[in-house]
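Novice: For the sequence shown, my numbering begins at 1194 and goes up steadily by one. Glycine included, each C-beta is placed from N, C-alpha and C at the ideal position. Every value quoted in this text rests on a predicted model; they were computed, and no experiment measured them. Got a structure for you, written out below as structure tokens; questions coming shortly.
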Amino acid sequence: MATSDEWRELAEQIADAAVPERSPALPRLYRFAVEEARLALRNFPAAVREQVDDMVHDKLHEKLRSIVDAANPRAFFVTAIRNAALDLLRRQKKLAPQDELDAAPPANDAVPAPDEAASVRIEAVRVLATLNDRERQIFGAIAAGEDRDDIAAALCTSRANVDQIVSRTRRRLGGGS
1194 MATSDEWREL AEQIADAAVP ERSPALPRLY RFAVEEARLA LRNFPAAVRE QVDDMVHDKL
1254 HEKLRSIVDA ANPRAFFVTA IRNAALDLLR RQKKLAPQDE LDAAPPANDA VPAPDEAASV
1314 RIEAVRVLAT LNDRERQIFG AIAAGEDRDD IAAALCTSRA NVDQIVSRTR RRLGGGS
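In structure tokens, the structure reads:
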């Protein structure tokens, strides 16, 4: 597994290229990224782990410049890949219940029972809409299991700043600190 220093060195090589997207160091970055993604997603379901190569390719394409410019490219990439895996899981969970509903026989009762899970999702969406981008990034990374030190490094800020944002946001949302 590549170290954070190796990631930084590789990021510098890519950044120094005339066209970073065509840097000869990209294949090596891709190998580092696949290895890191497999490690980061080892506890995810097999359906997610099977798509590691595609997710790595997509994230490197989408966020190459951000990864290269990050103070800790490795931590930034791991956060991005975990968020992508979580998004994939959420999409799969949204699709699966709908497929089950399509296959189910029609219900006899005209009034459906209240769906408590739907109301929780609606409330979560409402709360997330009140967060700014930075707060959403931080809470998404925390939900993905990222260490606050890694989050701080990926966002080029201090651990204390991350803690302060978390505390202030939780207080504002009524969740304590």
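By how many angstroms is the C-alpha of Phe1332 removed from the C-alpha of Gln1285?
Specialist: If you take the alpha carbons of Gln1285 and Phe1332, they lie about 21 Å apart.
Novice: Would you mind reading off the limits of the alpha helix (DSSP H) that contains Glu1205?
Specialist: Per DSSP, Glu1205 belongs to the alpha helix (DSSP H) from Ser1197 to Asp1209.
Novice: Taking the straight line between their C-alpha atoms, what separation do you get for Ala1239 and Arg1352?
Specialist: Straight-line Cα distance between these residues: approximately 33 Å.
Novice: Is the stretch 1267 to 1276 close to the stretch 1308 to 1323, with three or more CB pairs under 8 Å?
Specialist: Not touching, per the Cβ criterion.
Novice: Check whether the stretch 1212 to 1228 and the stretch 1251 to 1263 are in contact - that is, three or more C-beta pairs closer than 8 Å.
Specialist: Yes: the two stretches touch, three or more of their Cβ pairs being nearer than 8 Å.
Novice: I believe Asp1326 touches Arg1341 by the beta-carbon criterion, under 8 Å. Please report the beta-carbon distance rounded to the nearest angstrom.
Specialist: Rounded, the Cβ-Cβ distance is 18 Å, inconsistent with contact.
Novice: What's the C-alpha gap between Asn1265 and Glu1243?
Specialist: Looking at the two C-alpha atoms, the distance is approximately 26 Å.
Novice: Going along the chain, which residues of its own chain have a beta-carbon closer than 6 Å to the beta-carbon of Phe1156, five neighbours each way excluded?
Specialist: This structure gives no information on residue 1156, because the portion of the chain shown stretches from 1194 to 1370.
Novice: Starting from the Cα of Val1245, find the closest Cα among Ser1259, Gln1330, Cys1349 and Val1227 and give me that residue.
Specialist: Here the closest residue by C-alpha is Val1227.
Novice: On the CB-based measure, 16 or more other CB atoms within 10 Å of its CB, does Thr1362 come out buried or exposed?
Specialist: Buried: at least 16 other Cβ atoms inside 10 Å.
Novice: Return helix, strand or coil for Glu1309, following the three-state DSSP convention.
Specialist: Looking at Glu1309 - three-state DSSP - the assignment turns out to be helix.
Novice: Can you name the start and end residues of the alpha helix (DSSP H) that Pro1220 belongs to?
Specialist: Residues Leu1219 to Ala1233.
Novice: State yes or no: is the C-beta of Ala1211 within less than 8 Å of the C-beta of Val1261?
Specialist: No, these two residues do not count as a Cβ contact at 8 Å.
Novice: Beta-carbon separation of Ala1230 and Ala1346 under 8 Å?
Specialist: Result no, Cβ atoms of Ala1230 and Ala1346 do not sit closer than 8 Å.
Novice: Give a yes or no on whether the C-beta atoms belonging to Leu1281 and Val1318 are separated by under 8 Å.
Specialist: No, the pair does not count as a contact, with Cβ atoms beyond the cut-off.
Novice: Per DSSP, what kind of secondary structure is Gln1357 in: helix, strand or coil?
Specialist: In the structure shown, Gln1357 sits in a helix (DSSP, three-state: H, G or I).
Novice: Where does Gln1244 sit, in a helix, a strand or coil, going by DSSP?
Specialist: Coil at Gln1244, not helix or strand.
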